[in-house]
Amino acid sequence: MQGGSLQRQFSSEGHPVYDIPEVDADILQLILQAIHGLEYEIDQDNVEALLAASNYLAINSVQSSCCDYLKLNMQDHDCWRTLCVAAHLGCEALCKHMMAFIHRPPRGAWVLRMQTALQALPKGMLLDVLCSKAVDFGSESRAFQVVLTWVATGDTIASRTYLR
């Protein structure tokens with residue numbers, strides 16, 4: 001939910017109208033259903049958008065449900081993406097769960113296939129992954145390549161300070 005903000009405008013009748021650019025109508029409908037105690041469905045197609053919107057709107061019950069869904073449906077092929085989303089949104093419990101999932105052996109070459117996802121991790125999480133004995137990069141030079149790519153693709157000034 002980067003860069004977005006709640007925008008207040010006024011209708012022709014003078015009533016306030018709020019626009020939330022990152023939340024589409026379908027996701028907002030699900031959140032309203034949750035607020036009113038109605039059933040709503042979380043699935044693979046809407047979980048990330050619903051998690052981001054519930055985080056943005058501070059709807060803790062929906063955020064918790066989305067995190068539970070992601071924990072229960074975790075797969076090797078999407079664990080890095082989920083970790084990045086959780087880190088970006090500040091979902092600490094989901095981050096801890098994801099790190100535990102990633103550190104479970106065996107983990108090997110699939111780490112390298114997810115190198116672009118690793119680039120989106122915050123520094124602390126990247127260090128945890130790099131230092132994990134359960135994650136095998138194949139060689140020190142490959143691990144170093146991940147770090148260099150992380151530095152090159154991130155906030156250049158901030159990431160370079162970590163190399164000192």
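Positions 1 to 164 (UniProt numbering) are the ones given, in order, by the sequence shown. Glycine included, C-beta positions come from ideal geometry on N, C-alpha and C.
query                                                                                                                                                           : result
DSSP on ASP43, reduced to helix/strand/coil?                                                                                                                    : coil
Since ILE59 and ILE42 should fall inside the 8 Å C-beta cutoff, what is the C-beta to C-beta distance between them, to a whole number of angstroms?             : That belief does not hold up - the Cβ atoms of ILE59 and ILE42 are roughly 13 Å apart, past 8 Å.
Which of the three DSSP states, helix, strand or coil, is assigned to ASP24?                                                                                    : coil
Can you tell me whether DSSP reads GLN75 as helix, strand or coil?                                                                                              : coil
Going by DSSP, what residues sit across from VAL17 in a beta bridge?                                                                                            : GLN9
Grab me the residues of MET1's own chain with a C-beta within less than 6 Å of its C-beta, minus the 5 sequence neighbours each way, in chain order.            : Unreliable placement is indicated for MET1, whose pLDDT of 39 sits below 50; the coordinate value is still reported in the next sentence. The answer, listed in chain order, is GLU22, ALA52, TYR56.
Expressed to the nearest angstrom, what Euclidean distance is found between the alpha-carbon atoms of ALA152 and LEU83?                                         : 20 Å
Are ALA86 and CYS95 closer than 8 Å when you measure CB to CB?                                                                                                  : yes
Inspect the CB distances between the segment 63-77 and the segment 33-47 and report whether three or more fall short of 8 Å.                                    : yes
What does the Cβ neighbour count give for ILE102, buried or exposed, with the cut at 16 atoms within 10 Å?                                                      : buried
Under 8 Å, do LEU130 and ALA120 count as touching if we go by C-beta distance?                                                                                  : no
Count the other CB atoms, across all protein chains shown, that sit within 10 Å of the CB of GLN9; report buried if there are 16 or more and exposed otherwise. : exposed
Between CYS66 and ALA93, how many whole angstroms is the CB-CB distance? I'm expecting something under 8 Å.                                                     : Incorrect: roughly 12 Å between the Cβ atoms, too far for contact.
Taking the alpha carbon of ASP24 as the reference point, which residue from SER54, LEU38, HIS15 has its own alpha carbon closest?                               : SER54
Take the Cβ of ILE35 as the centre, count every other Cβ of all protein chains shown within 10 Å, and call the residue buried at 16 or more, exposed below.     : exposed
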